[in-house]
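Structure, as C-alpha cells:
Residue numbers (the numbering used here), protein chains in the order written: chain A, 59 to 462; chain B, 5 to 412.
Okay, structure coming up:
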C-alpha cells in the first residue's frame with residue numbers, strides 16, 4: 059500500500075483538487091522524514107556535544123536532568139530520589155529548550171528588526187532543507203533529486219545569507235565583524251568543497267545521491283582494474299574513498315575540512331569566536347532565536363557528515379554493517395499496512411554509524427584544536443585546498459575514463 | 005577619554021608596524037572604532053581597549069584602565085602595617101601569595117625584623133607553589149585566548165588542586181592572607197608536604213600534555229609565532245618585567261640578580277628566549293617562558309622541601325590561634341622615623357615592588373605599589389599596531405595581565 063492509497067482512504071479525498079493531492083502526497087513524507095530526523099538530531103546533538111566535550115575535558119557534563127515519574131514536592135537532592143529517573147541527563151536539551159523559550163526575545167535598539175527576526179529562520183531553514191535530499195536509507199530519501207548534490211550544496215550555502223543578515227541587523231560592530239568573517243570564509247570554502255564533491259559525481263556519472271550510492275555498490279575497480287565483485291563492494295570495498303586511489307582519499311579530507319569551515323566549527327569558528335568577537339554574529343541574540351541558530355548548526359553538522367558519508371563512504375548502501383546485516387536471511391518485515399524492506403534497516407544502521415563517527419570527529423577536532431586566524435583560513439583554502447581539489451577533480455575524471 | 009578620540013597618530017611612520025597587514029594608503033577603507041571590553045571575554049577582567057580598526061586590521065589601540073581601581077595605596081596609609089596584608093592578596097589575585105611575600109619583606113626590611121630559617125623555607129615553598137599555580141593557569145588560559153578550550157580546563161584542574169593545597173594550609177582557595185610580618189600564619193604539616201609533593205608530580209607529568217595541546221601545537225604556533233614582537237630595546241624602555249621581559253631576550257630575574265629569601269641556595273635556571281623557535285619577543289616565546297618557569301618553580305619547591313630544617317620548639321606558637329612568626333616581632337609595629345624602603349620581588353607576572361615611607365607611626369606615611377601588569381600593559385599599543393583583531397587578543401593574553409594589579 060503506497061501513500062496515494064493511504065490518502066485515498068480519507069473520506070472526501072477524491073473531491074480535493076488534483077494538484078493539492080499531489081502536493082500533499084509529495085510533501086507529507088518529506089516533512090515527516092525531515093522532522094523525524096532533524097528534531098532528534100538537533101536535540102541529541104547538543105547533548106552529545108556537551109557530554110562528549112565533558113568527557114574529553116575531565117568534567118561530568120549534564121547528567122542530572124531526567125524524568126520525575128512522581129512529584130513529591132520541591133526538595134533538594136530530588137535527583138537521587140527513587141521516583142526520579144536520571145536517564146544520563148538525556149532530558150537536558152528539552153529543559154534547555156524550555157529555558158530558551160522563556161527568555162526575552164530581545165531586538166537590539168537601532169537594529170533592523172525585520173532582518174534580525176528573520177535571520178535565524180533562514181539559517182535554520184537552510185539546514186533543514188539539506189535533509190530533503192539526504193539519503194538516509196533504502197527508500198528513506200525524502201526526495202532523491204536528480205540534481206541531489208548540487209541542491210545540497212546550494213541549500214547549505216543559504217545559511218550565509220542568514221548570518222550576514224544577523225550580523226548586519228544586530229547594530230553591533232562585533233556582530234558585523236563576525237558575519238563578514240563568515241561570508242568570506244564560507245564563500246571561499248564553497249569552491250574546494252564543490253570541486254571535491256564533483257569527484258564522486260564524475261565517477262558515478264550522476265549528480266543524484268541515489269546514483270552515487272548505487273555506483274559504490276558496484277564492483278571495485280582500480281584505474282580500470284576490477285578487484286572483487288559486488289559482494290566485496292557491498293562490504294565497503296566499493297567506497298569512493300578507495301576508488302581512483304589515492305585521489306579520493308585527498309578529496310575526502312578536503313571535503314570534510316571544508317564542511318567544518320562551512321559549519322563554522324572549530325578550528326574554523328571565526329565568525330563566532332567567543333574570545334575575539336564576544337560571540338560574533340550571535341552576540342545580540344537571545345532565547346529561542348539563538349536556539350534556532352544552535353539547532354541549525356547541529357542539523358547542518360549532521361547533514362554534512364551524512365553527505366560526506368554518502369559521497370565517499372558508501373552512504374547507506376555499502377559498508378561493514380550493511381554487509382553483515384545483508385547476511386541475515388530476511389527480505390522484508392511486515393508492518394501491518396506496509397512492509398519494511400530489510401535493506402532499509404541495514405541501510406539505517408550503516409548510514410548512522412558512519413555519520414555519527416564523522417559527527418563525533420567534528421566534536422573531537424573542536425575540543426582539541428586552537429582557532430585559526432582569518433588569513434590562515436584563507437590561505438589554507440586558496441593556496442592548498444583549491445589547487446589540490448582541482449587536481450583531484452582532474453584525476454577523478456581520468457579515473458572515470460579509465461574505469462567506468 | 006572617550007572612544008572617539010583615540011589617538012590619531014599617523015600609522016606606519018615610526019616603523020613599528022607589521023607592514024604586511026596594513027592596507028596600502030589608497031586601499032584603506034572606512035576606519036571604525038571598536039570597544040573591546042570592559043565586558044569582553046578576552047580582556048582578562050575589566051580592561052577596556054579602544055581599538056581603531058580598518059576592517060580587521062588594528063590601526064591603533066589604547067588600553068583604558070581604572071575600572072577596578074580600589075584605592076589600595078590610600079588604604080595602606082590608613083591601616084596598620086600588618087592590617088594591609090590581606091589587601092595585597094587582591095592585587096594580583098591569581099598569585100596572591102607572591103604579593104604577600106613582597107609586602108611582608110618590605111615591612112620587615114623597614115622595621116628590621118629577622119626571619120627564622122624554617123620560616124624562610126616555608127615562604128619559599130609557598131611562594132613558588134603560588135608561581136606554579138599562577139603559571140599553570142596562565143598557560144591554560146592563553147590556550148583559551150587562542151581558541152582552544154580543552155587545555156584551559158586541564159590546567160584549571162591542576163590549579164584546583166593547588167587551590168585545595170592552599171586551602172588546607174591557609175583556609176582560603178584564592179586569597180590567602182597567609183603571610184604575617186615576621187613569619188607566616190601556620191607551620192607546614194608533614195601531611196601537607198606529602199600532598200604538595202604529590203601535586204608537583206602530577207603537574208610535572210601533565211605539563212607534557214599542556215605543551216602538546218598548546219605550545220607545540222601547529223595551529224597554536226602559527227597563531228602566536230612572530231605575532232606581537234616586542235624588541236629588547238622597547239621592552240627595556242617600557243619597563244617590562246617578568247616572563248615578557250625574558251621573552252624579549254633580556255636575562256633578568258630579581259630572584260637571581262638581586263637575591264632575596266633563599267633563592268641563591270637552590271639550583272635553578274632562568275629561562276630566556278633564545279630565538280630557537282619563533283621570533284624573540286613574540287607571543288609564543290612569552291608563553292613558552294611561562295611554561296618553562298613552571299618546571300623551574302617545581303624544582304625550587306622540591307629542593308626547598310628537601311632542605312626544610314626541623315621544627316624549632318621556640319618558634320612553635322602556644323595556641324593554634326597564634327601565628328608562626330619570629331617571637332621578637334613587637335606587638336605594635338612602628339616604622340622608624342623618616343625611613344623609606346623599596347623592596348621588589350619577582351612575581352609570576354613580573355616585578356612587584358612596594359615603596360614604603362615611614363614617619364614613626366604604625367601605618368606607612370606613603371605606600372606606592374609598582375605593579376608589573378600595569379607597566380606591561382602600557383606597551384600594548386606599540387606591539388599590536390598593524391596586526392589583526394585576533395592577534396590583538398593573542399597579544400593581550402600573552403602579556404598576561406591581571407586587572408587587580410593594573411588598577412589596584
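Glycine included, each C-beta is placed from N, C-alpha and C at the ideal position.
Counting only runs of 4+ residues fully inside the stretch 282-342 of chain A, write out the alpha helix (DSSP H) ranges in chain order.
305-320
Output yes or no for whether 7 Å exceeds the beta carbon distance between residue 330 of chain B and residue 116 of chain B.
Along the second chain, one-based indexing puts residue 330 of chain B at 326. Along the second chain, one-based indexing puts residue 116 of chain B at 112. No, these two residues do not count as a Cβ contact at 7 Å.
Label residue 64 of chain B either buried or exposed according to how many other C-beta atoms from any shown protein chain fall within 10 Å of its C-beta, with 16 as the threshold for buried.
Stepping through the second chain from its first residue, residue 64 of chain B is reached at position 60. Burial call: buried.
Short of 7 Å in beta carbon distance, which residues of its chain neighbour residue 273 of chain B, apart from the five on each side in sequence? Order them along the chain.
As a position in the second chain, residue 273 of chain B is number 269, starting the count at 1. If we look at residue 273 of chain B and ignore the five residues flanking it on each side, its Cβ neighbours are 300.
Any beta carbon from chain B within less than 7 Å of residue 108 of chain A's own beta carbon?
Here the question's residue 108 of chain A lines up with position 50 in the first chain. Residue-level contact check: residue 108 of chain A does not touch chain B, since none of the beta carbons of chain B fall below 7 Å from its beta carbon.
Where in the stretch 235-289 of chain B do unbroken runs of the alpha helix (DSSP H), each at least 4 residues long, occur, reported from the N-terminal end onward?
236-241, 247-251 and 258-261
The beta strand (DSSP E) that contains residue 88 of chain A, what's its start and end?
Start at 1 with the first residue of the first chain, and residue 88 of chain A comes out as number 30. Here residue 88 of chain A belongs to no beta strand (DSSP E); instead the alpha helix (DSSP H) covers 76-114.
Closest residue to residue 358 of chain A among A:314, A:291 and A:112 (Cα-Cα distance):
Residue mapping note: residue 358 of chain A aligns to position 300 of the first chain, counting from 1. Checking every option, the nearest Cα to that of residue 358 of chain A belongs to A:314.
Please list, in chain order, all residues of the same chain as residue 341 of chain A whose beta carbon is under 6 Å from its beta carbon, the five residues on each side excluded.
For the purposes of this step, residue 341 of chain A is identified with residue 283 of the first chain, where counting begins at 1. Once the five neighbours on either side are set aside, the close Cβ partners of residue 341 of chain A are 230, 232 and 233.
Nonlocal neighbours in the same chain, by C-beta distance under 7 Å from residue 43 of chain B, ignoring five residues either side:
By one-based count along the second chain, residue 43 of chain B stands at place 39. For residue 43 of chain B, where only same-chain residues beyond five positions count, there are no Cβ hits under 7 Å.
Quick one: Cα of residue 95 of chain B to Cα of residue 312 of chain A, how far?
Residue numbering aside, residue 95 of chain B sits at position 91 when the second chain is read from its first letter. Residue numbering aside, residue 312 of chain A sits at position 254 when the first chain is read from its first letter. C-alpha separation (whole angstroms): 49 Å.
Tell me which residues of the stretch 325-340 of chain A have at least one Cβ-Cβ distance to chain B shorter than 8 Å, keeping chain order.
325, 327, 328, 331, 332, 333, 334, 335 and 336
Please check if any C-beta of chain B sits within less than 7 Å of the C-beta of residue 441 of chain A.
Here residue 441 of chain A refers to the residue found at position 383 when the first chain is read from its first residue. Output row for residue 441 of chain A: interface = no.
Extent of the continuous beta strand (DSSP E) run through residue 391 of chain A:
Within the first chain, residue 391 of chain A is the residue found at index 333, counting from 1. Here the beta strand (DSSP E) through residue 391 of chain A covers 390-393.
Where residue 197 of chain B and residue 309 of chain B are concerned, what is the direct C-alpha to C-alpha distance, given to the nearest angstrom?
Position 193 of the second chain, counted from the first residue, corresponds to residue 197 of chain B. Position 305 of the second chain, counted from the first residue, corresponds to residue 309 of chain B. Going by the C-alpha atoms only, they are around 7 Å apart.
Which of the three DSSP states, helix, strand or coil, is assigned to residue 68 of chain B?
As a working mapping, residue 68 of chain B is identified with position 64 in the second chain. Strand at residue 68 of chain B.
When DSSP labels each residue in this structure, what does residue 336 of chain B get in the three-state scheme?
Position 332 of the second chain, counted from the start, is the residue given in the question as residue 336 of chain B. Correct three-state label for residue 336 of chain B: coil.
Report the three-state DSSP secondary structure of residue 361 of chain B (helix, strand or coil).
Within the second chain, numbered from 1, the residue matching residue 361 of chain B stands at position 357. Strand.
For residue 115 of chain B, the residue or residues it bridges with in DSSP
Along the second chain, read from residue 1 onward, the residue named residue 115 of chain B stands at position 111. DSSP lists no partner for residue 115 of chain B.
Close beta carbons around residue 131 of chain B, own chain, < 7 Å, minus the five adjacent residues each side:
Taking the second chain and counting its residues from 1, one reaches residue 131 of chain B at position 127. Here residue 131 of chain B has 101, 102 and 105 as same chain residues with Cβ atoms under 7 Å from its own Cβ, once five neighbours each way along the sequence are excluded.
Looking at the structure shown, is residue 171 of chain B part of a helix, part of a strand, or coil, going by DSSP?
Here residue 171 of chain B is taken as the residue at index 167 of the second chain, counted from 1. Correct three-state label for residue 171 of chain B: helix.
Secondary structure at residue 267 of chain A, three-state DSSP: helix, strand or coil?
Taking the first residue of the first chain as position 1, residue 267 of chain A is located at position 209. If DSSP states are grouped into helix, strand and coil, residue 267 of chain A belongs with the helices.
Looking at the secondary structure, which residues open and close the beta strand (DSSP E) in which residue 397 of chain A lies?
By one-based count along the first chain, residue 397 of chain A stands at place 339. 396-399 is the span of the beta strand (DSSP E), which, as asked, contains residue 397 of chain A.
Classify residue 75 of chain B: buried if its beta carbon has 16 or more other beta carbons within 10 angstroms, exposed otherwise.
Counting from 1 along the second chain, the entry for residue 75 of chain B is found at position 71. When all chains shown are included, residue 75 of chain B counts as exposed.
If you measure from the beta carbon of residue 427 of chain A to each beta carbon in chain C, is any gap under 7 Å?
The chain labelled as chain C is not found among the protein chains of the depicted structure, namely A and B.
Pick out whichever of A:306, A:382 and A:204 has its Cα sitting closest to the Cα of residue 264 of chain A.
Your numbering for residue 264 of chain A matches position 206 in the first chain. Closest by alpha carbon: A:204.
Is the number of C-beta pairs between the stretch 237-255 of chain B and the stretch 190-210 of chain B that are closer than 8 Å three or more?
No contact exists between the stretch 237-255 of chain B and the stretch 190-210 of chain B.
Could you work out which residues of chain A lie near residue 245 of chain B, taking near to mean beta carbons separated by less than 8 Å?
Within the second chain, the letter at position 241 stands for residue 245 of chain B. Within chain A, no residue comes near residue 245 of chain B; the closest Cβ sits about 26 Å away, beyond 8 Å.
Which word fits residue 162 of chain B, buried or exposed, when buried means at least 16 other C-beta atoms lie within 10 angstroms of its C-beta?
Along the second chain, read from residue 1 onward, the residue named residue 162 of chain B stands at position 158. Burial call: buried.
Any idea what DSSP makes of residue 200 of chain B, helix, strand or coil?
Here residue 200 of chain B refers to the residue found at position 196 of the second chain. Note: residue 200 of chain B maps to helix in three-state DSSP.
I need the straight-line Cα distance from residue 279 of chain A to residue 300 of chain A, nearest angstrom please.
Here the question's residue 279 of chain A lines up with position 221 in the first chain. Here the question's residue 300 of chain A lines up with position 242 in the first chain. Spanning the two alpha carbons is a distance of roughly 9 Å.
Closer than 8 Å by C-beta to residue 73 of chain B: which residues in its own chain qualify, once you throw out the five before and the five after it? Chain order, please.
As a first step, residue 73 of chain B is located in the second chain; it is residue number 69 there, counting from the start. Around residue 73 of chain B, the same chain offers 411 and 412 as residues with beta carbons nearer than 8 Å, after the five sequence neighbours per side are excluded.
Beta-carbon separation of residue 255 of chain A and residue 190 of chain A under 7 Å?
On the first chain, residue 255 of chain A is found 197 positions in, with the first residue counted as 1. On the first chain, residue 190 of chain A is found 132 positions in, with the first residue counted as 1. No; because the gap between Cβ atoms is not below 7 Å, this pair is not in contact.
Looking at residue 323 of chain A: is its Cβ nearer than 7 Å to the Cβ of residue 420 of chain A?
Counted from its first residue, the first chain places residue 323 of chain A at position 265. Counted from its first residue, the first chain places residue 420 of chain A at position 362. Contact: yes.
Amino acids of chain A, ordered along the chain, whose beta-carbon sits closer than 7 Å to that of residue 153 of chain B
Within the second chain, the letter at position 149 stands for residue 153 of chain B. Within chain A, the residues near residue 153 of chain B are 425.
Between the stretch 101-118 of chain A and the stretch 352-368 of chain A, do at least 3 Cβ pairs fall closer than 8 Å?
Yes: at least three Cβ pairs fall under 8 Å.
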